[in-house]
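Numbering (the numbering used here), first residue to last: 9 to 304.
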Amino acid sequence: MTSFIFGEAMLEYHSHGSSGLRYGGDTLNTAIHMARAGHDVAYVTALGTDPISDALVAAWAAEGIDTRFVLRHPTRSPGIYAIHLDENGERSFLYWRDRSAAREMFALPGMADAVAAAREAEMLYFSLISLAVVDEAGRDALVGLARDVKAAGKTVAYDSNYRPLLWPDPAAAQAASRAATQAATLGLPTNVDEQQIYGDARSEEQIAANWQGEGCSLVVVKAGETGCLIAEAGSEPMRQAAKQIAVVDTSGAGDAFNAGFLSAYLDGRDIADCAEAGQAQSREVLQHHGAVPPRG
Numbered sequence: 009m010t011s012f013i014f015g016e017a018m019l020e021y022h023s024h025g026s027s028g029l030r031y032g033g034d035t036l037n038t039a040i041h042m043a044r045a046g047h048d049v050a051y052v053t054a055l056g057t058d059p060i061s062d063a064l065v066a067a068w069a070a071e072g073i074d075t076r077f078v079l080r081h082p083t084r085s086p087g088i089y090a091i092h093l094d095e096n097g098e099r100s101f102l103y104w105r106d107r108s109a110a111r112e113m114f115a116l117p118g119m120a121d122a123v124a125a126a127r128e129a130e131m132l133y134f135s136l137i138s139l140a141v142v143d144e145a146g147r148d149a150l151v152g153l154a155r156d157v158k159a160a161g162k163t164v165a166y167d168s169n170y171r172p173l174l175w176p177d178p179a180a181a182q183a184a185s186r187a188a189t190q191a192a193t194l195g196l197p198t199n200v201d202e203q204q205i206y207g208d209a210r211s212e213e214q215i216a217a218n219w220q221g222e223g224c225s226l227v228v229v230k231a232g233e234t235g236c237l238i239a240e241a242g243s244e245p246m247r248q249a250a251k252q253i254a255v256v257d258t259s260g261a262g263d264a265f266n267a268g269f270l271s272a273y274l275d276g277r278d279i280a281d282c283a284e285a286g287q288a289q290s291r292e293v294l295q296h297h298g299a300v301p302p303r304g
């Protein structure tokens, strides 16, 4: 069966320099990695009707992604982001996304068909960015879809990927993320995101407990170079260390972890193996420039 992933995809400019068409976005990065791993993935977003949007759809289809639900906005285009790396490979971002087509994807005619198909999915995956870029009606629709998929006994995976500039204030992000957490079955938060959303120094254990208290039974808290914390309902939380490597670029490392974890999870592997698969995928990305390494 197909996994449905909702989000925003953007054109990418990287300070490292490159030629050709580059693109990214947290959920798109995850979708590409999962498709490369052999999973059936449908990506739901909106682009324009311009030639660059056409090229993006063709590139994603070449990766094996189902692009039937990449909707087209008649007057808008893809957003753009720029990545700058410091000497340690840590990144900072600039965005031009106010006129992004994805901001209005839930108002486009084809969205009803996308939502209907996603209700039958093996897995639904989205992030806090997916919620941030759409309006309140779009957020309600996506969280409502997640509730339906969860009620049907399927997997709903959610990552609270936080970009402060996309929200009017932290309280709005907190409310949206709490609603998504309640609708999720599998949480993939990052410790730093949760600390920034709530403005405190909460631990990975506290993060997992909070998510489980909201009804998300399996939570994997990503903690950067120290590894991750795995919390399953009915079991004691377990830490899994990360192997230390030389980092070239941190772009997309969390998205890659999510892809590796979810791919292994859908393959029926045990949770510790899923976390190792996520870490392995993340290590691969950390040793290349850009969020998605070239095929090789």
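Beta carbons: idealized from backbone N, C-alpha and C, even for Gly.
Note that the structure is a prediction, hence the values are computed from the model and not measured.
Short check: CB of residue i to CB of residue j, under 8 Å?
i           : j           : result
residue 133 : residue 36  : no
residue 57  : residue 76  : no
residue 220 : residue 187 : no
residue 158 : residue 131 : no
residue 298 : residue 265 : no
residue 253 : residue 291 : yes
residue 15  : residue 138 : yes
residue 213 : residue 231 : no
residue 288 : residue 248 : no
residue 267 : residue 281 : no
residue 209 : residue 245 : no
Figure out for me which residue from the options has the closest Cα to the Cα of residue i.
i           : options            : result
residue 60  : 48, 52, 84         : 84
residue 31  : 64, 10, 57         : 64
residue 110 : 143, 183, 45, 39   : 143
residue 179 : 42, 206, 48, 10    : 206
residue 126 : 106, 149, 145, 266 : 149
residue 87  : 55, 46, 254, 96    : 55
residue 262 : 17, 67, 233, 112   : 233
residue 107 : 19, 176, 169       : 19
residue 174 : 140, 202, 191      : 140
residue 98  : 260, 267, 284      : 260
residue 129 : 198, 102, 160      : 160
residue 255 : 93, 102, 45, 246   : 93
residue 71  : 41, 96, 89         : 41
residue 102 : 22, 68, 244        : 22
residue 199 : 112, 170, 120      : 170
residue 120 : 104, 46, 152, 100  : 152
residue 279 : 105, 296, 251, 243 : 243
residue 89  : 13, 104, 100       : 104
residue 222 : 250, 100, 182      : 182
residue 47  : 301, 118, 276      : 276
residue 122 : 156, 78, 100, 112  : 78
Would you decide whether residue i is buried or exposed? Buried here means 16 or more other CB atoms lie within 10 Å of its CB.
i           : result
residue 294 : buried
residue 257 : buried
residue 147 : buried
residue 62  : exposed
residue 303 : exposed
residue 28  : exposed
residue 82  : exposed
residue 192 : buried
residue 124 : exposed
residue 34  : buried
residue 201 : buried
residue 17  : buried
residue 95  : exposed
residue 356 : Lying outside 9 to 304, the shown extent of the chain, residue 356 is not represented and no answer is given.
Measure the beta-carbon distance from residue i to residue j and round it to whole angstroms, keeping in mind my assumption that it falls under 8 Å.
i           : j           : result
residue 312 : residue 194 : Any question about residue 312 goes unanswered here, given that the chain covers just 9 to 304.
residue 43  : residue 49  : 5 Å
residue 114 : residue 154 : With a Cβ gap of about 14 Å, residue 114 and residue 154 do not count as contacting.
residue 73  : residue 39  : 6 Å
residue 189 : residue 224 : 5 Å
residue 184 : residue 226 : About 21 Å; that fails the 8 Å criterion.
residue 204 : residue 172 : 7 Å
residue 196 : residue 11  : About 14 Å; that fails the 8 Å criterion.
With 8 Å set as the bound, which would you pick, yes or no: does the beta-carbon of residue i sit closer than that to a beta-carbon of chain B?
i           : result
residue 105 : Judged by its chain identifiers, the structure shown contains no chain B, having just a single protein chain.
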